[in-house]
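Note that the numbering used here has the sequence shown beginning at 344, numbered continuously upward.
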Amino acid sequence: MQKSFDPKNSDDIQQLSRAVGYSRDTLKVFRHNRLDLIRQYVGSHYSDNGADKKVPINLIELAMNIYLQRLVAQAPSVSINTQVTKLKEICTRFESAANHLVQEIDLGKTLEYAVTGAMFCKGIVKIGINLSKVEIGGVLHDSGQAFADVISLDDWVEDMTVDNEENGQFEGNYYYPTLDEAEAMFPDKIDKLVPRTALSETEDKAHKVSEGSTSTREEFR
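This is the structure in structure tokens:
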């Protein structure tokens, strides 16, 4: 029997890092095939990094539009009811608050992106409650508020050594904080922090389809 994982044990952290690296490499073929499908979906006229061959009718796009209309035609809505008379007013307020949250976090758009991702490979949504006000991926999350963020397969990793997801030992996603946030999280590694624009990507990601084949990527924060 293996011992429990200790986040303060450097050996455990290194073992986890190696396992994550292995699964990340194993998922590469899925990311590559997904990117090829996206190129076929957008067609040859979308950008200079779209599909190689021209087709008169894009059947992939046609099928995607039909399925999206059936699966996520609009944002979900919450209905809360009770048979207890004295609780009906609370249910009404709770229902109103829940529907307001659905609109505020733009859950409909998140689910649309997730379903679209599932058409190409896998739809992933990360949900939770924010403990503090934080900005992730350009989206500001308020303290104490629930969130639902779609995760791209480009940034995803899960345990690829198991037969089913329930037995997986880890799953997660990569994201980039600002330099200020990174310095606050890792004050002892400030001299090792590198701006994202200074990093070179080892493989093409989905954003390359829309950005095209520009040599240098410039970001503004």
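The C-beta atom is built at its ideal place from N, Cα and C for all residues, glycine as well.
If you're wondering where the values come from, they're calculated on a predicted model, not measured in any experiment.
Quiz item: So which of R361, A362, V363 and M407 has the shortest CA-CA distance to Q383?
Solution: M407
Exercise. For V427, name the three-state secondary structure that DSSP assigns.
Key: coil
Quiz item: Where does D497 sit, in a helix, a strand or coil, going by DSSP?
Solution: helix
Quiz prompt | Collapsed DSSP secondary structure at D385 in the structure displayed | solution = Reading off the sequence, residue 385 comes out as Val, not Asp. Here V385 sits in helix by DSSP.
Exercise. For the beta strand (DSSP E) containing V468, list its first residue and its last residue.
Key: I467 to I472
Practice problem: Output the boundary residues of the alpha helix (DSSP H) element that contains E455. | Solution: L450 to F463
Self-check item: Neighbourhood of K452 by C-beta distance below 7 Å, restricted to the same chain and skipping five residues each side
Solution: Excluding residues up to 5 positions away in sequence, nothing lies with its Cβ nearer than 7 Å to the Cβ of K452 in the same chain.
Quiz prompt | Range of the contiguous alpha helix (DSSP H) that encloses G364 | solution = S353 to T369
Exercise. Note down, in chain order, each residue of its chain lying with its Cβ closer than 7 Å to the Cβ of F463, except the 5 sequence neighbours on either side.
Key: R377, L380 and I381
Quiz item: Nearest-angstrom Cα distance between V537 and D523?
Solution: If I take the Cα positions, the gap works out to 12 Å.
Quiz item: Can you give the Cα-Cα distance for L414 and D502, rounded to whole angstroms?
Solution: 28 Å
Practice problem: Confirm, please, whether the CB-CB distance from F529 to K465 is below 9 Å. | Solution: no
Quiz item: In chain order, what residues of the same chain have a beta carbon less than 8 Å from the beta carbon of A362, not counting five sequence neighbours either side?
Solution: D502, T504, Q512 and F513
Quiz item: Do the region 436–443 and the region 386–393 meet, that is, are 3 or more Cβ pairs less than 8 Å apart?
Solution: no
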